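Be aware that the sequence shown starts at 264, since it is given in the working numbering, and climbs by one per residue.
Ideal placement from N, C-alpha and C gives every residue a C-beta, glycine not left out.
Only a predicted model underlies this, so the values are computations on that prediction, with no experimental measurement involved.
What follows is a short report on a single structure.
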Amino acid sequence: KQISPPKIMVFDLKSDQLLFSYPLKDKTDYNEKSLFPTITVDVTSANCDHAFAYLPDVYNYNLVVYSMQTNNTHTVTHNYFHFDPLAGDFSNSGFHWQWQDGVFGLALSPVDREGFRIVYFHALASTMEFAISSKYLQNSTLVRDNARAFKVLGNRGVNGQSSASFLDEETGVLFYTLINRNAVGCWNTFKGEEYETKNLGVVAEDEETMTFPNDLKVDKKGTLWVLSTPLPEFFFSNLNSKNTNFRIFTAPVR
Numbered sequence: 264k265q266i267s268p269p270k271i272m273v274f275d276l277k278s279d280q281l282l283f284s285y286p287l288k289d290k291t292d293y294n295e296k297s298l299f300p301t302i303t304v305d306v307t308s309a310n311c312d313h314a315f316a317y318l319p320d321v322y323n324y325n326l327v328v329y330s331m332q333t334n335n336t337h338t339v340t341h342n343y344f345h346f347d348p349l350a351g352d353f354s355n356s357g358f359h360w361q362w363q364d365g366v367f368g369l370a371l372s373p374v375d376r377e378g379f380r381i382v383y384f385h386a387l388a389s390t391m392e393f394a395i396s397s398k399y400l401q402n403s404t405l406v407r408d409n410a411r412a413f414k415v416l417g418n419r420g421v422n423g424q425s426s427a428s429f430l431d432e433e434t435g436v437l438f439y440t441l442i443n444r445n446a447v448g449c450w451n452t453f454k455g456e457e458y459e460t461k462n463l464g465v466v467a468e469d470e471e472t473m474t475f476p477n478d479l480k481v482d483k484k485g486t487l488w489v490l491s492t493p494l495p496e497f498f499f500s501n502l503n504s505k506n507t508n509f510r511i512f513t514a515p516v517r
């Protein structure tokens, strides 16, 4: 049961105070099918008032873009936000199922000379990676009139379905979960190499402890954090309270 409409909430982490909230617009930003699994904030310390937030809707296959400066949202649609019917089969922890989840993971490059970033993204039920400049996402008219600004990067290969991703701005390494493999993968965006399996690495992989890695981040000190969850068991069976069901992994990346 939904208690309140989806909203963006901004907190001051130093004081734990809620600064403001922005409720998404019904029938425009979301509907009864909507699910927003992540929020990606595009901001620099020099220009906080011009922050943007990107919210992927996995079931409606679109992206809600929020501007702090205008305190408003617009919705972006594109075929690349959809799932791949050839990559909808999942297997983990002894369970087998199909999902049709669309755009899910987003990651941001460092700011370019024009003040924009490359936004890397992929659908959950897909093994493909795509990219677009934030210059287009932040402008509702520009993105609507430039469908070809969305670029295909490449394919992660068999069992390359991924949920979350994050790019370390200092090293240029794009990290991403591999939920069908119980692993974390990576690709160095600074090397200029093609996004293909021979150039993609595996940071860690463990069938027992890293089950269904569903989220990851790199902090400012260069530490990678990975959250492992028993999501398949939660969905299709019952959690065993005697097991260690959740794990957080850390590793230096610089």
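Q.
Below 8 Å on the Cβ atoms is my contact criterion, and I expect Thr440 with Leu487 to pass it. Report the Cβ-Cβ distance as a whole number of Å.
A. To locate residue 440, count along the sequence shown from 1; it is residue 177. To locate residue 487, count along the sequence shown from 1; it is residue 224. That pair is no contact at about 11 Å.
Q.
So, for Trp362: in the same chain, excluding its five sequence neighbours on each side, which residues have a beta-carbon less than 8 Å away from its beta-carbon?
A. On the sequence shown, position 99 is the one that residue 362 refers to. The beta carbon of Trp362 is closer than 8 Å to those of Phe346, Gly351, Phe353, Leu387, Ala388 in its chain, skipping five residues each way along the sequence.
Q) Is Pro348 buried or exposed, if buried means 16 or more other CB atoms sit within 10 Å of its CB? A) To locate residue 348, count along the sequence shown from 1; it is residue 85. Exposed, because fewer than 16 other Cβ atoms sit within 10 Å of the Cβ of Pro348.
Q) What is the DSSP secondary structure of Arg510, reduced to helix, strand or coil? A) Taking the first residue of the sequence shown as 1, we reach residue 510 at position 247. Residue state, collapsed to three classes: strand.
(Q) Beta-carbon within less than 7 Å of Phe519's beta-carbon, same chain only, minus the 5 sequence neighbours each way: which residues are those? (A) Residue 519 lies beyond the range of the chain shown here (264 to 517); nothing can be said about it.
Q) Which residue from Thr333, Thr301, Pro319 puts its Cα closest to that of Val327? A) Counting from one through the sequence shown, the residue named residue 327 turns up at place 64. Nearest in C-alpha terms to Val327, of all of Thr333, Thr301, Pro319, is Pro319.
(Q) Taking only three categories from DSSP, how would you classify Leu430? (A) To locate residue 430, count along the sequence shown from 1; it is residue 167. Leu430 falls in the strand class under three-state DSSP.
Q: Whole angstroms is fine: what's the gap from Pro304's alpha carbon to Met331's?
A: The sequence position of residue 304 within the sequence shown is 41, counting from 1. The sequence position of residue 331 within the sequence shown is 68, counting from 1. Reading the sequence as shown, one finds Val at residue 304 and not Pro. Approximately 11 Å between the Cα atoms of the pair.
Q | contact_flag[the stretch 370 to 381, the stretch 297 to 316] where n(CB pairs < 8 Å) is 3 or more | A | Judged by Cβ distances under 8 Å, the stretch 370 to 381 makes contact with the stretch 297 to 316, as three or more pairs qualify.
Q.
Can you check which of these residues, Arg419, Glu471, Leu298, is closest to Asn355 by C-alpha distance?
A. Taking the sequence shown and counting its residues from 1, the one referred to as residue 355 is at position 92. Selected option, being the one with the closest Cα: Glu471.
Q. On the three-state DSSP scale, how would you describe Asn342?
A. Position 79 of the sequence shown holds residue 342. Under the three-state reduction of DSSP output, Asn342 falls in the helix class.
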